[in-house]
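In the numbering used here, the protein residues as written are 205 to 502.
Ideal placement from N, C-alpha and C gives every residue a C-beta, glycine not left out.
None of these values were measured; they are calculated from a predicted model.
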Amino acid sequence: MATSSPDSSKPVFRFAPSPNGQLHLGHALSALTNERMAERFGGSLLLRIEDIDLTRCRPEFEQAIHDDLTWLGIRLDGAVRRQSEHFDDYRAVLGRLQAKGLIYPCFCSRQKVKQAVAAKEAESGQPWPRDPDGSPVYPGTCRSLSRQEAEARIAAGEAHVLRLAMDRALAMIGSDVWYRLFDESGTETVIKARPTRWGDVVLARKDVPTSYHLSVVIDDAIQRVSHVVRGRDLEAATDIHAVLQRLLGLPAPRYHFHRLLIDETGQKLAKSRLSESLADLRARGVTAAEVRAQLGFT
């Protein structure tokens with residue numbers, strides 16, 4: 205499917221859900237916030253389907269996204285970009301990073317990482333660093349593998365991921381990495397990124413030549429997205445995105461992080477927790493106008 209080519213003189217926003225479950229009120233808040241800001245700044249709003257997870261993403265969930273957005277009355281511009289149709293784009297960028305010596309294969313499963321971290325904690329008596337998502341920072345087990353050993357294991361079909369060597373990346377671009385926030389009035393603030401807290405992040409897997417971090421940066425550049433509006437739970441990930449943009453010479457969008465919706469247990473709404481979906485609300489007679497009013501969009 206062709207990628208949208210919006211007017212480069214106008215701001216470009218995007219709503220980018222994954223079709224791995226039903227959208228809930230948190231997604232409605234994000235879509236409506238993007239719509240309001242696009243209107244306020246005289247920009248366009250694109251839809252991107254982030255479906256790189258070929259196991260969990262399903263066509264019926266993608267259709268449900270279109271149904272929900274139509275029901276909410278959200279106006280979209282341009283063509284839809286479906287990530288699963290653009291693996292060659294991501295593979296090409298991975299090749300550029302590999303050519304710079306910034307990526308290495310890692311054969312550690314999540315369980316192996318946990319075991320290695322537990323061993324280090326036992327040895328030092330100190331807790332091992334966690335990334336902003338709460339996962340142990342990768343201890344670098346495979347960084348020292350020889351090229352010959354790594355290539356032999358890959359050729360044998362061994363499961364692996366490709367990690368970004370964060371220290372090498374920062375040595376190339378400099379440790380001072382920044383990104384810009386904007387608010388609904390258009391006021392901007394410069395934020396210093398802290399990418400080292402993520403360690404050597406995964407950029408691709410054996411069977412999928414990309415990750416959320418890599419594909420979102422490439423897609424934003426290809427779609428000329430100038431303003432990224434997403435939930436506060438993704439704010440820390442912008443550290444990684446700012447690094448990739450600098451490494452690849454890509455334009456850096458401005459960012460806005462909206463509030464998250466919390467359920468009665470104090471946890472954010474999530475597909476994985478089977479939060480009530482927009483389809484469920486619609487089925488029990490709730491109107492789109494009522495949803496808009498509930499979320500503060502009258």
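Here S415 carries a coil assignment [DSSP, helix/strand/coil]. From the listed residues P221, E243, D293, R300, the smallest Cα separation to H270 is found for P221. Residue Y308 holds the alpha-carbon nearest to the alpha-carbon of S350 among H417, V365, Y308. A residue is called buried when at least 16 other Cβ atoms come within 10 angstroms of its Cβ; R244 does not meet this threshold and is exposed.
Between T391 and A322, the alpha-carbon positions lie close to 45 Å from each other. The continuous stretches of alpha helix (DSSP H) do not include F245, and DSSP gives it neither H nor E. Shown here, R398 sits in coil according to DSSP, grouped into three states, outside any helix or strand. V421 and R218 do not touch by the CB rule: their CB atoms are close to 13 Å apart, not below 8 Å.
Within the region 425 to 471, the runs of alpha helix (DSSP H) that reach at least 4 residues and sit entirely inside it are, in chain order, 442 to 452.
With a cutoff of 8 Å on beta-carbon distance, H417 and P457 are scored as not near each other. With 16 or more neighbouring CB atoms inside 10 Å of its own CB, L473 falls in the buried class. Beta-bridge partners assigned by DSSP to Y308: R367. Restricting attention to D404, V317, A363, R436, the CA atom closest to the CA of V412 is found in A363. When the beta-carbon positions are compared, G230 and L464 come within less than 8 Å of each other. Look at the beta carbons and you see the region 306 to 320 touching the region 328 to 348: at least three pairs across the two are nearer than 8 Å. Closest in C-alpha terms to A354, from the list K410, G378, E388, comes K410.
Residue pairing by DSSP places V406 opposite R367 in a beta bridge. Taking one beta carbon from each stretch, the region 294 to 301 and the region 383 to 403 have fewer than 3 pairs nearer than 8 Å; the two do not touch. The three-state reading of DSSP puts V420 in helix, counting H, G and I together. In terms of CA proximity to A440, W382 leads the group V495, G453, W382. Rounded to the nearest angstrom, the gap between the Cα atoms of H445 and R367 is 14 Å. For L485, no beta strand (DSSP E) segment is defined; the enclosing uninterrupted segment is the alpha helix (DSSP H) at 482 to 487. In the three-state scheme derived from DSSP, where H, G and I count as helix and E and B as strand, E494 is classed as helix.
Annotation for R357: the continuous alpha helix (DSSP H) segment containing it runs 351 to 359. Between the alpha carbons of V365 and G500 lies a distance of about 42 Å. Taking all protein chains shown into account, A425 has 16 or more neighbouring C-beta atoms within 10 Å of its C-beta and is therefore buried.
Straight-line spacing of the CA atoms in L438 and L385 works out to 13 Å.
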